[in-house]
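Below is one structure, written out as structure tokens; the observations come after it.
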Amino acid sequence: MMPDALRQNRYQMKRCFQRYVSKGRKLMKNQQLMEELEKSLDDKVDKEKLVEGFLGYIICSTQEAVVLPPFVAFAVRLNPGIWEFVKVHSDDLSVEGITPSDYLKLKETLYHDASIHDSPIWAKQDDNYQLEVDFGAVDLSTPHLTLPSSIGNGLQFISKFMSSKLQSDKPESSKPLLDYLLTLNHRGEKLMVSDTMDTMSKLQTALLLAEVFVSGLPKDTPYLKLEQRFQEWGLEKGWGDNAERCKETLNCLSEVLEAPDPANMEKFFSRVPSIFNIVVFSIHGYFGQEKVLGLPDTGGQVVYILDQVRAMEEELLQRIKQQGLNVTPKILVLTRLIPDAKGTKCNVEIEPVEHTKHSNIVRVPFKSQDGKDLRHWVSRFDIYPYLERYAQDATAKILKILEGKPDLIIGNYTDGNLVASLVSSKLGVTQGTIAHALEKTKYEDSDVKWREMDQKYHFSCQFTADMIAMNTSDFIVTSTYQEIAGSKEKPGQYEQHYAFTMPGLCRFATGINVFDPKFNIAAPGADQSIYFPFTQKKNRLTHLHPQIEELLYSKGDTDEHIGHLADRSKPILFSMARLDKVKNITGLVEWYGQNKKLRELANLVVVAGLLDASQSGDREEIEEINKMHELIDRFQLKGHIRWIRAQTDRVRNGELYRCIADTKGAFVQPALYEAFGLTVIEAMNCGLPTLATNQGGPAEIIVDGVSGFHVNPTNGDEAGAKIADFFQKCKEDVSYWNKLSTAALQRIYECYTWKIYATRVLNMGSTYAFWKTLNKEERQAKQCYLQMFYNLQFRNLAKAVPRAAGEQLQASVAPSEMVVKPKERQVCPILRNFLKQEQAGGSN
């Protein structure tokens, strides 16, 4: 593609490439490339022709370029998930296709001097010996999706693939499914089929007899009256609670065996009784049900998990009843026990999850080197030395409470996902992961500049842990397509982990492929008992209105709020988030301060963080607190702004959204990047018109101009003007606000409920459990590769992270205590080849 484009515009492109290389070695981003392209052309017609033509498209699709005169290497993203890497000679415009690994090696040379200090001796001698990890090399036999539009539809894809694999004239082609059904049990009690069902012919005969039998019975005949006949044919409980349900499930399996198709495959596995006990890991921050929101490292993830657990328990109870089983499900949320709990319940070992019957928060402490419980909070960036020991202690606690292994483990964020990977590998349990946010995408160039940031953020550990968890997981749950593969213009969070390097440490030739069928989209909702429309007058919490009135409008600064609203007649522009750089609350205040029209049309109320920097122990929050005070003073915003410290009462927060709606106000989410946007969902649930960042999930939640608006957080003038324009239209047309409010609610009801979410995630758990049995040998090779990488790389990185004051830096757990050893009869081929090469090298 590029050679043809260069030949067609040879003279102009030589001038352009001379500009690219004129300033020596550097990394150029897309915007810089386009600017230099335009500057190299004097003729306006030529410029328009070139920029709008094929070459302009290629340069526009280039995410970055490495300039190493006389060469320029391009990373071209043609479509979501589809990349090409090429190297162009600036003198003769010759083009060479290169591999991702080759491109990364060129990129590393730009940072060679900065990264060489303290690098291992072998890294200094030859860049070819930098550690290179290629997870794609052990995934070659795994089928992948091919179309960008299909990314995130992993469950549908594997249902198709399993159908094709089971579809054959040979009866034994369906034997893996029978083998899987034979493993189903609950505490030793067989489910669906008995051990006598050892051939496909026996199973098909039993299905036929049972279908004929139940067809002649009333639909509501309880399973108890069918049980004896079923057992005579080798069938056990789990098919259904009555004749009708049993018939549907029997028929579903018969169709899967006779003529497999994806719809029947997915439907059947949604009915298989394979999930009763679930473990959810969420380790960092203060995980609790009250008085925690707004504390360091504690925000939307806590709300997400509590609502997720309630929805999954409700769905589990319904499924178990329909399966005709008398089983009590259990869901455990494993988090950290913090003795110095700051007035929360984070020092309580076991706490029931409110509005559930069988779900509990289970807290396990971090251990110091002398084996004592670590008493205080630890930042999510400093948590890595404690995770391996935590995984061991958590495993013991899980086995004790559940009296056996869980059926599904779900991790959250880097730390929870890594621990979920360790525990699931040890116990042999299906694992799902949820990123919530991937820090590499939050901080620009944080991979190549990892060394500059490592003392503060320990990204060497975090990015390594992320790669281990992504590749260990059976399935990955995301909230949006953008989270995986971004948009046409910008890569997604996961896509940015396809190929990257940390110079002097590790090169990921293939990190994660977004076409992997493990990726799935399951958008969460909001608790509709808390977040309901402001128009539901009978349900409004009017007893809270005096508190909210004081919170919004009282005069004078207190420990709870700063600033006041001089003109109460104006609508309120409202935002609520953690006070950190990415959430960009200070950016919102700056937009507001700079836009005179917006200040005239609306008041600004923000709920974020602490008000006094001396009370915070979080580095980023301290910087943002100081910046907030500076902005309020610079733009003289007192009288226009109310800054309220973080609020932890979700019930009152729900009514606060509705009180903002009463003022005909709006909610704004200004984040530089937001993986999903729970507050966007909450606000829209309450009927509050919403403007939210176009960077990340909110861009999918909101249909721009229909159910809300997108704002560009990197262009404050444009964002401020768009918000002001919304309020101006509302002022001119009173029906405009109501139109947006109604559209927001309609969008929520169609796409974003917890019922839809829970059904989808449990379907993933049951289907991927069978999927991994079909790929057992490939998985075993990859697990071996991952274990080697964990032991030789991550453990050393974690050991180097400073522990809490007074602790020595030493490994907390011996490798043999945590890592599952490969079976003695089988040696991982990758490890075997690696050892042979080492031995050959040692003999020279």
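The numbering of the sequence shown is the UniProt record's numbering, which starts it at 1 and goes up by one.
All C-beta atoms in this analysis are idealised placements derived from N, C-alpha and C, irrespective of residue type, glycine included.
Note that the coordinates shown come from a computational prediction; the quantities given were computed from them, not determined experimentally.
Residues of its chain near residue i, where Cβ-Cβ distance is below 7 Å and the 5 sequence neighbours each way are ignored
i           : result
His590      : Going by the sequence as given, residue 590 is Glu instead of His. These residues qualify, in order along the chain: Leu631, Gly716.
Ser460      : Trp450, Asp454, Met502, Leu505, Leu797
Lys291      : Gly343, Thr344, Thr648
residue 856 : One cannot answer for residue 856 here, as it falls past the ends of the chain, which runs 1 to 844.
Leu50       : Asn9, Gln12, Leu41, Gly56
Leu317      : Pro329
Thr335      : Ser282, Ile283, Phe287, Ile361, Arg363
Leu637      : Gly563, Gly593
Arg599      : Tyr592, His640
Proximity below 8 Å, CB of residue i to CB of residue j
i           : j      : result
Thr648      : Gly152 : no
Phe667      : Phe532 : no
Pro802      : Gly665 : no
Cys241      : Lys357 : First, the residue type needs correcting, since residue 241 is Asp and not Cys in the sequence shown. Contact flag unset, no.
Gln695      : Ala719 : no
Leu257      : Ser174 : yes
Gln130      : Arg634 : no
Thr690      : Met684 : yes
Pro524      : Gln231 : no
residue 845 : Ser473 : In the structure as shown, the chain begins at 1 and stops at 844. Residue 845 is therefore absent and cannot be evaluated.
Ile275      : Leu611 : no
Leu418      : Ala465 : yes
Gly81       : Ala646 : no
Leu551      : Ile410 : no
Phe268      : Leu253 : yes
Leu653      : Thr142 : The sequence shown places Asn at residue 653, rather than the Leu named in the question. Not a contact, by the Cβ cut-off of 8 Å.
Val706      : Ala743 : yes
Gln482      : Gly708 : no
Ala758      : Ala311 : yes
Three-state class that DSSP yields for residue i in the structure shown
i           : result
Trp643      : strand
His561      : strand
Cys506      : strand
Asp580      : coil
residue 845 : Nothing can be reported for residue 845, as the shown portion of the chain is limited to 1 through 844.
Gly720      : helix
Ile320      : helix
Arg375      : coil
Asp92       : coil
Trp83       : strand
His284      : coil
His543      : helix
Ile548      : helix
Leu438      : coil
Asp134      : strand
Lys219      : coil
Tyr472      : Reading the sequence as shown, one finds Thr at residue 472 and not Tyr. Thr472 falls in the helix class under three-state DSSP.
Gly617      : coil
Lys107      : helix
Lys367      : strand
Asn277      : strand
His497      : helix
CB contact check: residue i to chain B, cutoff 8 Å
i      : result
Glu248 : Considering every chain present, this structure includes no chain B. It has just one protein chain.
Close-in-space but distant-in-sequence residues of the same chain around residue i (CB under 6 Å, 5 per side omitted)
i      : result
Ile681 : Ala526, Tyr752
Glu439 : Gln462
Ile398 : Val279
Phe157 : Leu145, Pro517
Ile350 : Asn360, Val362
Ala613 : Ile622, Ile625, Asn626
Ala811 : Unreliable positioning characterises Ala811 in this predicted model, as indicated by a pLDDT of 35, which lies under 50. A coordinate reading is not provided.
Lys225 : none
Ala420 : Phe281, Ile409, Gly411, Gln431
Sequence-distant residues of its chain with Cβ nearer than 8 Å to residue i (five each side left out)
i      : result
Tyr20  : Met28, Leu33, Glu36, Ala65, Val67, Val72, Ser90
Lys772 : Thr430, Asp474, Arg779
Distance between beta carbons of residue j and residue i, contact taken as under 8 Å
i      : j      : result
Val582 : Lys731 : With 8 Å as the limit, Val582 and Lys731 do not qualify as a contact, their Cβ atoms being about 32 Å apart.
Met192 : Glu236 : 6 Å
Thr663 : Met628 : With 8 Å as the limit, Thr663 and Met628 do not qualify as a contact, their Cβ atoms being about 23 Å apart.
Ser159 : Pro262 : 4 Å
Contiguous alpha helix (DSSP H) assignments of at least 4 residues, all confined to the stretch 619-701: 619-634, 650-662, 678-685, 698-701
Complete runs of the alpha helix (DSSP H) confined to the stretch 299-359 [at least 4 residues]: 300-322
Go through the stretch 709-756 residue by residue and report every complete run of the alpha helix (DSSP H) that reaches 4 residues or more, in order. 716-732, 734-751
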